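Everything on this sheet refers to the single structure shown next.
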Amino acid sequence: MIDRRFFLAASTAALVGACTPRTGIAPTPARNPDLFSDIQERAFRFFWDTTDAATGLAPDRWPTPSFASIAAIGFALTAYGVGEKHGWITRQQHAERTLTTLQFLADAPQGDGATGFSGYKGFFYHFLGVTKGQRFARCELSTIDTALLLGGVLFAQSWFDRADPNEVRIRALAEQLYRAVEWDWIMPRPPFVSMGWHPESGFIRSDWNIYNEGMILYVLALASPTHPLPPATWGALTQQFDKSWGNRWGEPHLQFAPMFGHQYSHVWIDFRGIRDPYIASKGIDYFENSRRATYAQRAYANENPGGKVAYGNDCWGLTACDGPGDFTVTIDGKPREFYSYSARGPGERDDGTLAPTAALGSIAFAPEIVEPMVKTMHARYGAGIYDKYGFLDSFNPTLTRTDEPLKHGKLVPGVGWVDGDYLGIDQGPIVLMIENRRSGMIWEVMRRNPHIRRGLERAGFKGGWLA
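In structure tokens, the structure reads:
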């Protein structure tokens, strides 16, 4: 995913008056005595409460006034299924909200102009204004965020399998949105897909050509009934993977520092027991790879090369998230650099900012280390970091005082810096991967989707549930 830090910094002024907070937000739900049930329900209610019921546009963040995020919409469309399963909403409510969302997206204007459009050639802009649902500021037409949106769209297509007219319409709209995406257009440097496009400058000069969250993008692109990529594309992609293979902080695995790169594709695709030729040659599957990456995060925290406060077995988790701001503070005689929104990870950018989604989004991979860590983190810091919709996006126990202006959040005694927002793309993996850990529901629904199966088979996956 493109680091949103630079876009967000450049567009702060444009936010003023452009995005308004939702009104009529529901009251805080009663606390469930089971911590993980409580976390999951609160994360679900983030999407149900803050999404605009008239359009289906889910905010990038809340409560700070925000534009809509198309990736957050994809997570929301999937989270609604979790809500129905647990009785938090009815099937009728679920269908009505989903139908509203898909109809709005299907009707949204597409074109190559810089303003007045929501997307182009079936792709959508990364961020949309909350009133008209059109391109926000100068953000990019995003290939990965469109793919994450489609994860939710195809979940809805498979979930709503009845003859009810609304459900029939949902399935048709989902198919329409998926077929509209022209994957073969956005390949200026074959065989790889560009990260995006701007009407002002054309294709972004970076491609999805390493191991990261982009696996779902290629599965969807390979499966397209209208604009498919050649089957050899996946093999070309995995030829690049050895650049990422290593054994730092644990067992050998494909390394990608921010944890989201090991999580997003797995929200929708069940990689357990299925293998392409590349990962088969390593003797594992991609699910096991993400398990090893989760353990590597904990091992890095135990090593704690930067001497960050609280790091260890019961406090870890680095990914892309909010941070306090872009400044340097002297702590215990040493200058410490801090960042605002940024991708963070072991061995790369690490300012001591921890994101609960980094661990909770991995709960299906390694529950034996995630669950006790989350319980301890909640017991130790919950009074300062756990609120209406669960864990706030991030916190930093290393930063306890500063005279520098904070970009996000505030300093909380006994905790350190704490963000003031929830982010849709971080809430999504929490509610959905808790469900995959407990019931495998999202994976089961997506295994029924013919596009997912076709994409995996064209990529050369075999075994497991594909057999």
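The opening residue of the sequence shown carries number 34 in our numbering; numbering runs sequentially from there. Backbone N, C-alpha and C define an ideal beta-carbon position, used for all residues, glycine too. Since this is a predicted model, take the numbers as computed values, not measurements.
Cβ separation of residue i and residue j, assumed to be a contact under 8 Å, to the nearest whole Å
i	j	result
tryptophan 192	valine 478	6 Å
serine 427	aspartate 355	5 Å
threonine 386	phenylalanine 293	Actually they are not in contact, since the Cβ atoms of threonine 386 and phenylalanine 293 sit about 14 Å apart, beyond 8 Å.
leucine 135	leucine 68	Not confirmed; about 34 Å, so no contact.
arginine 281	phenylalanine 398	No, arginine 281 and phenylalanine 398 are not in contact; Cβ-Cβ is about 18 Å, not under 8 Å.
arginine 212	threonine 259	5 Å
leucine 444	threonine 433	7 Å
threonine 84	alanine 109	6 Å
tyrosine 333	proline 379	4 Å
glutamate 468	valine 115	5 Å
C-beta contact flag for residue i and residue j at 7 Å
i	j	result
phenylalanine 169	phenylalanine 160	yes
arginine 331	isoleucine 396	no
leucine 182	valine 300	no
leucine 523	glycine 358	A question about residue 523 goes unanswered here, because the residues of the chain that appear run from 34 up to 500.
alanine 91	glycine 457	yes
alanine 269	proline 310	no
proline 232	alanine 147	yes
leucine 138	leucine 255	no
isoleucine 72	glycine 394	no
glycine 89	glycine 185	no
alanine 391	glycine 350	yes
serine 373	arginine 382	no
Chain-order list of residues whose beta-carbon lies under 7 Å from that of residue i (same chain, five-residue window excluded)
i	result
valine 252	Ile302, Ile485, Gly488, Leu489 and Ala492
arginine 305	Asp318, Phe320 and Gly497
arginine 480	Asp303 and Trp498
asparagine 482	Leu187, Gln190 and Ser191
tryptophan 121	Glu74 and Phe77
glutamate 246	Met34, Ile177, Phe293, Gly294, Tyr297 and Ser298
lysine 276	Ile243
Same chain, Cβ closer than 8 Å to residue i, neighbours up to 5 away in sequence not counted
i	result
glutamine 273	Asn242, Ile243 and Tyr244
phenylalanine 236	Ile219, Pro221, Ser227, Gly229 and Trp230
alanine 128	Phe193, Asp197, Asn199, Glu200 and Ile203
proline 278	As written in the sequence, residue 278 is tryptophan, which differs from the proline given in the question. Cβ neighbours of tryptophan 278 beyond the five flanking positions: Pro285, His286, Leu287, Gln288 and Lys315.
threonine 56	Its pLDDT being 46, under 50, threonine 56 is placed unreliably in this model, and the value from its coordinates should be taken loosely. So the list is empty, once near-sequence residues are dropped.
Closest Cα partner of residue i within the set the options
i	options	result
alanine 112	Ser99, Ile418, Trp81 and Ser375	Trp81
isoleucine 384	Asn337, Gln209 and Gln73	A quick correction: the sequence has aspartate, not isoleucine, at residue 384. It is Asn337 whose Cα lies nearest to the Cα of aspartate 384.
proline 430	Gly345, Pro438 and Glu381	Gly345
arginine 238	Met220, Glu215 and Glu246	Met220
aspartate 365	Glu468, Lys341, Leu351 and Gly350	Lys341
arginine 369	Pro285, Phe360 and Trp278	Phe360
threonine 179	Asn199, Met410 and Lys154	Lys154
arginine 377	Ala412, Lys165 and Ala290	Ala290
arginine 413	Asp436, Pro446, Glu381 and Leu287	Pro446
proline 98	Met474, Pro462 and Tyr455	Tyr455
isoleucine 418	Ser70, Glu401, Gly453 and Pro405	Gly453
tyrosine 158	Lys276, Gly184 and Ala101	Ala101
proline 389	Pro405, Pro264, Gly144 and Pro285	Pro405
glutamate 215	Leu287, Gly185 and Gly152	Gly152
alanine 105	Ala334, Gly442, Leu444 and Val163	Val163
cysteine 172	Ser234, Thr133 and Arg195	Ser234
tyrosine 328	Arg124, Asp93 and Gly283	Gly283
alanine 326	Met410, Lys367 and Ile402	Ile402
serine 175	Glu208, Asp240 and Asp275	Asp240
isoleucine 307	Tyr374, Met248 and Lys495	Lys495
glycine 473	His411, Pro142, Asp217 and Lys118	Lys118
One or two residues paired with residue i in a DSSP bridge
i	result
isoleucine 364	Lys367
proline 92	Ala101
tryptophan 121	Paired residues: none, contrary to the question.
glutamine 143	Gly152
glycine 521	Shown here, the chain extends from 34 to 500; a query on residue 521 therefore has no answer.
cysteine 354	Ser375
tyrosine 419	Phe424
lysine 495	Arg308
glycine 345	Cys348
histidine 231	Gly235
phenylalanine 157	Gly152 and Ser175
valine 445	Gly449
tyrosine 1	The shown model of the chain, from 34 to 500, leaves out residue 1, and the question about it has no answer.
Residues near residue i by beta carbon distance below 6 Å, same chain, minus five either side
i	result
glutamine 460	Ala76 and Phe79
threonine 271	Tyr311
alanine 141	Ser151 and Gly166
histidine 441	Asp355 and Asp452
Chain B contact for residue i (CB, 7 Å cutoff)
i	result
serine 277	Of the protein chains in the structure, only one exists, and it is not chain B.
beta-carbon residue i near the ligand COA non-hydrogen atom, thresh 6 Å
i	result
valine 448	The model on display carries no ligand, and the ligand COA is accordingly not part of it.
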